[in-house]
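Engineer: Each residue of the sequence shown is one higher than the one before, counting from 1 in full-length UniProt numbering.
Just dropping this structure here.
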Amino acid sequence: MHPFEEQDPVPYPIPNQLGGLALAAHRHCSREQKVSIFTTLDVLHVRSNLGSLECAAREVKDNLCRIIDEAKASIVPKMAVFNEKLWQVQYERGGQALNKVPNGEFESLEQLLRPAPGNGPSQISSIDMKERIILCFTLVTSFFHIFSMNNEWLQASITSSHICFRTSTRYLNIIKPYLNIAFREEQTKPTARRPEEIHWFPSILTLGIMLLEISRGSKIEFVPGEDDCVTALAVYEKWKDVAGKLCSSTIPEGLFNTILSCIDPNELRKGSLDRPNIGDMEIRKYIFERILYPLGDAISSIYKVPLHKLHDEKAQGEGTEAIDEQQIDSDKQLAGKQWRRHLESLHDIFYHHHVKGLLKTKLADVAIKIAVLDTGFQLDEALQENYKAEGRIVAAQCKSFCSQDHDNRDWDVDIDGHGTYVGQIVLDVAPTSELYVAKVFQSRKDLQSQQWAVEVQQNIANAIKHATEIWNVDMIIMSFGFEGKIGIINKAMTNARKLDKPPLFFAATRNDGANKRIAWPASDHHAFGVSSTDGNGAPSPYNPDEDGAAPILYAFGEGVTVNRPAGNPKLTVTHISGTSFAAPTAAALAANLISFVRLALLASSDEDRVIYAEVPEQLEEIGGLLRVMQRCMMKKHSSGKMSLLPWDFLNKARVDGNAILKDVSDTLNGA
Numbered sequence: 001m002h003p004f005e006e007q008d009p010v011p012y013p014i015p016n017q018l019g020g021l022a023l024a025a026h027r028h029c030s031r032e033q034k035v036s037i038f039t040t041l042d043v044l045h046v047r048s049n050l051g052s053l054e055c056a057a058r059e060v061k062d063n064l065c066r067i068i069d070e071a072k073a074s075i076v077p078k079m080a081v082f083n084e085k086l087w088q089v090q091y092e093r094g095g096q097a098l099n100k101v102p103n104g105e106f107e108s109l110e111q112l113l114r115p116a117p118g119n120g121p122s123q124i125s126s127i128d129m130k131e132r133i134i135l136c137f138t139l140v141t142s143f144f145h146i147f148s149m150n151n152e153w154l155q156a157s158i159t160s161s162h163i164c165f166r167t168s169t170r171y172l173n174i175i176k177p178y179l180n181i182a183f184r185e186e187q188t189k190p191t192a193r194r195p196e197e198i199h200w201f202p203s204i205l206t207l208g209i210m211l212l213e214i215s216r217g218s219k220i221e222f223v224p225g226e227d228d229c230v231t232a233l234a235v236y237e238k239w240k241d242v243a244g245k246l247c248s249s250t251i252p253e254g255l256f257n258t259i260l261s262c263i264d265p266n267e268l269r270k271g272s273l274d275r276p277n278i279g280d281m282e283i284r285k286y287i288f289e290r291i292l293y294p295l296g297d298a299i300s301s302i303y304k305v306p307l308h309k310l311h312d313e314k315a316q317g318e319g320t321e322a323i324d325e326q327q328i329d330s331d332k333q334l335a336g337k338q339w340r341r342h343l344e345s346l347h348d349i350f351y352h353h354h355v356k357g358l359l360k361t362k363l364a365d366v367a368i369k370i371a372v373l374d375t376g377f378q379l380d381e382a383l384q385e386n387y388k389a390e391g392r393i394v395a396a397q398c399k400s401f402c403s404q405d406h407d408n409r410d411w412d413v414d415i416d417g418h419g420t421y422v423g424q425i426v427l428d429v430a431p432t433s434e435l436y437v438a439k440v441f442q443s444r445k446d447l448q449s450q451q452w453a454v455e456v457q458q459n460i461a462n463a464i465k466h467a468t469e470i471w472n473v474d475m476i477i478m479s480f481g482f483e484g485k486i487g488i489i490n491k492a493m494t495n496a497r498k499l500d501k502p503p504l505f506f507a508a509t510r511n512d513g514a515n516k517r518i519a520w521p522a523s524d525h526h527a528f529g530v531s532s533t534d535g536n537g538a539p540s541p542y543n544p545d546e547d548g549a550a551p552i553l554y555a556f557g558e559g560v561t562v563n564r565p566a567g568n569p570k571l572t573v574t575h576i577s578g579t580s581f582a583a584p585t586a587a588a589l590a591a592n593l594i595s596f597v598r599l600a601l602l603a604s605s606d607e608d609r610v611i612y613a614e615v616p617e618q619l620e621e622i623g624g625l626l627r628v629m630q631r632c633m634m635k636k637h638s639s640g641k642m643s644l645l646p647w648d649f650l651n652k653a654r655v656d657g658n659a660i661l662k663d664v665s666d667t668l669n670g671a
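Here it is as structure tokens:
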């Protein structure tokens, strides 16, 4: 339920969805069985009179849950707030239909904060800190909107047991929380605060405890008889002194300030909240300035996410080799968003109940190691540190192969931005991938530079050798190309193919349309050349003719949204396009297939593990992978081109019965 609009103006734009918690309403059935209904309501705020709505209105009173429960398909319940009461007004057809989700598809924040089996890390601790801070901002925004000293039903402290998330539809999407709370009859107004209480706003204290638990990724154990405020402060100090220093570049200072302003009575005194008979407006001012604002500032200034766009897909980035946002028509943008939604549904296969537990304990066995040979990798420091902390970027192994004369900066400095775009597409599309960054040139211009071309070619050859013999990667992505075969690079690729476990090579074809042929190594028969499509699978106009080269894949690469590289402030484009960005998409989709097959085999019965024992190894060969992708993961566009749109094949519904693993095996064995 969106927070009610306030009488006093709020400087922060409140996000459409993330500005507040959706409502999980409870009602009691005739058999005294509690039923939970999770939904979103359309709530208006009426300042003058109900007549201004020009429709019938009826006071809701205690009928809210019945109204939600009895709502029909394709109808959104509409409510209005007038004179401090909630009114039911004339429904309208259109918009998003009421979404009633079974209670069993949710898990509470309290559950997600619990240690994994074997005292392992909680699910929340594995979530990117950026998403956790957005969740904190959402919770505080909702609290800000509903806080009131004078309405008893709003005073109940909201804890981690009241916040829940849908866990069956996508990978633990914590930035869309639900509030699971039972309404109760209005009670007497609370008595004045007692002198023995060191913290005199229990609801603010509880909010701070919840934010602290989210930030540190685990529950706080409170001991009966000890003051919760004292315990929370002790945990906070330890967390900030230890984890805070280790992750100083990951955790914004604003998050520390927000939590302290909730749990420390001294901060309340600094905000003049220790005076008797304090009013709502003074408390709300404190909540906004000292608790909400630091979080919003961190999101907008550090993570570069406009607060009014928190309900949209993740923050857009900028790039080169790109089409400016204004040059991408609305159909292309819509196609890109639809592609993204399909991708999120694909990710659900990793979180199906049949394999979800194994993913936590066997991630190292199913993760796909991917090396990106490019200009380095440099995102915003906080985001980059998050990827490192989570093991998504294997920072200890990443390496620059450039000489000191050519570029004396390490792999994590990218002034060109190209490598940053390529790498983050891998991380975004393939959630079980591990990224190995090999910086082989400073700028794409170096590929054609008379001064640096020879050295760059040697760097690429050295990086291939290192990636295969030291890193033991599963895939190598080269989003660049040459007019013809480069001997030293070809020799490195040939030597790599002689290994017991050779990597799969993915390379961009070219962006010059029919003016030039496919670049090498994309034209090499031992590599996957990748051309670009829009989100619907329509081939991009800048693709080269195939010219008999094989195998050529087509993957999404037109209007891809990315985060901004941090190494060059001049990069201002919001959508990137090119075969350079289709190549990592294709590699990452293939990585999802291989990773899930590994995972499914681990989760199989003893009999199936024997039957399908050789499937992963067969799939990791270029011929086997190509056969499966062509038969199972591609769809034909009206243009006649087949492109990678694997939504029907890598589908959560096909996890049961080992259907995906069986079809892969049948395809590999010619069934």
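C-beta atoms are modelled at their ideal positions from N, C-alpha and C, and glycine is treated no differently.
Given the structure is predicted, the values throughout are model-derived calculations rather than measurements.
Taking Cβ to Cβ, would you say D365 is nearer than 8 Å to R598?
Structural biologist: Yes, they are a contact pair.
Engineer: From what residue to what residue does the alpha helix (DSSP H) around I415 run?
Structural biologist: Element bounds for I415: n/a, residue is neither H nor E.
Engineer: Could you check the C-alpha separation between S479 and L504 for me, to the nearest Å?
Structural biologist: Cα to Cα, S479 sits roughly 14 Å from L504.
Engineer: Three-state secondary structure (DSSP) at E59?
Structural biologist: Looking at E59 - three-state DSSP - the assignment turns out to be strand.
Engineer: What would DSSP say about Y554, mapped onto helix, strand or coil?
Structural biologist: Strand, per DSSP.
Engineer: Return the bridge partner residues of L435 from the DSSP annotation.
Structural biologist: Beta-bridge pairing links L435 to I370, I393.
Engineer: Would you kindly report the start and end of the unbroken alpha helix (DSSP H) that includes W239?
Structural biologist: Here the alpha helix (DSSP H) through W239 covers 228-239.
Engineer: Going by other Cβ atoms of all chains shown within 10 Å of its Cβ, with 16 needed for buried, is P502 buried or exposed?
Structural biologist: P502 should be labelled buried.
Engineer: When DSSP builds the beta bridges, which residues end up paired with P539?
Structural biologist: P539 is bridged to T533.
Engineer: Using a Cβ distance threshold of 8 Å, determine whether the segment 365-376 contacts the segment 295-310, with at least three qualifying pairs required.
Structural biologist: Touching, no.
Engineer: I'd like to know whether the C-beta atoms of residue 685 and A566 end up nearer to each other than 8 Å.
Structural biologist: The first residue shown for the chain is 1 and the last is 671, placing residue 685 beyond what the model contains.
Engineer: For F107, which residues does DSSP report across the bridge?
Structural biologist: The question names Phe, but residue 107 is Glu in the sequence shown. Beta-bridge pairing links E107 to F165.
Engineer: What residues match up with S643 in a beta bridge as DSSP calls it?
Structural biologist: Paired residue(s): K635.
Engineer: For the segment 584-591 against the segment 414-432, do three or more pairs of beta-carbon atoms, one drawn from each stretch, fall closer than 8 Å, so that the two count as touching?
Structural biologist: Output reads yes: the segment 414-432 touches the segment 584-591.
Engineer: Straight-line CA distance for D534 to I576?
Structural biologist: Going from the Cα of D534 to the Cα of I576 covers about 11 Å.
Engineer: Tell me whether I124 is buried or exposed, calling it buried when 16 or more other Cβ atoms sit within 10 Å of its Cβ.
Structural biologist: Looking at its Cβ environment, which holds 16 or more other Cβ atoms inside 10 Å, I124 is buried.
Engineer: Note down the Cα distance separating A461 from A492, rounded to an integer number of angstroms.
Structural biologist: Roughly 5 Å separates the two Cα atoms.
Engineer: Alpha carbon to alpha carbon, how far is D228 from S215?
Structural biologist: So the two alpha carbons sit approximately 18 Å from each other.
Engineer: Quick one: is V664 buried, meaning 16 or more other Cβ sit within 10 Å of its Cβ, or exposed?
Structural biologist: Buried, because 16 or more other Cβ atoms sit within 10 Å of the Cβ of V664.
Engineer: Could you give the distance in angstroms between the alpha-carbon of F649 and the alpha-carbon of M633?
Structural biologist: Using only the alpha carbons, I get a separation of about 6 Å.
Engineer: Within its chain, find whatever has a CB closer than 8 Å to the CB of S604; leave out the 5 residues flanking it on each side and keep chain order.
Structural biologist: Only Y612, N658, L661 meet the Cβ criterion.
Engineer: Go ahead and pull the three-state DSSP assignment for K501.
Structural biologist: Three-state result, K501: coil.
Engineer: Report, in whole angstroms, the separation of the C-beta atoms of I368 and D474, which I expect to be a contact under 8 Å.
Structural biologist: Confirmed, about 5 Å.
Engineer: Counting along the chain, where does the beta strand (DSSP E) carrying V89 start and finish?
Structural biologist: Its beta strand (DSSP E) spans residues 85-89.
Engineer: Helix, strand or coil: how does DSSP classify V597 here?
Structural biologist: In this structure, V597 counts as helix in the three-state DSSP scheme.
Engineer: Please report the distance separating the alpha-carbon of A453 from that of S400.
Structural biologist: Cα to Cα, the separation comes out at about 16 Å.
Engineer: Ignoring anything shorter than 3 residues or poking outside the segment 254-314, list the beta strand (DSSP E) runs there in chain order.
Structural biologist: Complete beta strand (DSSP E) runs here, min 3: none at all.
Engineer: Name the residue from A116, I175, P121, I127 whose alpha carbon lies nearest to the alpha carbon of T141.
Structural biologist: Closest option to T141, Cα to Cα, is I175.
Engineer: Would the beta-carbon of A555 fall within 8 Å of that of L644?
Structural biologist: The answer is yes: Cβ separation under 8 Å.
Engineer: Any idea what DSSP makes of residue 673, helix, strand or coil?
Structural biologist: Residue 673 lies beyond the stretch modelled for the chain, which goes from 1 to 671, so this question has no answer here.
Engineer: Can you look up K399 in the DSSP assignment and give me helix, strand or coil?
Structural biologist: Here K399 sits in strand by DSSP.
Engineer: Which residues mark the beginning and the end of the alpha helix (DSSP H) in which K465 is found?
Structural biologist: Residues 453-469.
Engineer: Could you give the distance in angstroms between the alpha-carbon of G529 and the alpha-carbon of G481?
Structural biologist: So the two alpha carbons sit approximately 10 Å from each other.
Engineer: State the DSSP-derived secondary structure class of W200, mapped to helix, strand or coil.
Structural biologist: Here W200 sits in coil by DSSP.
Engineer: Assign P476 to one of three DSSP states: helix, strand, or coil.
Structural biologist: The question names Pro, but residue 476 is Ile in the sequence shown. I476: strand per DSSP, three-state reduction.
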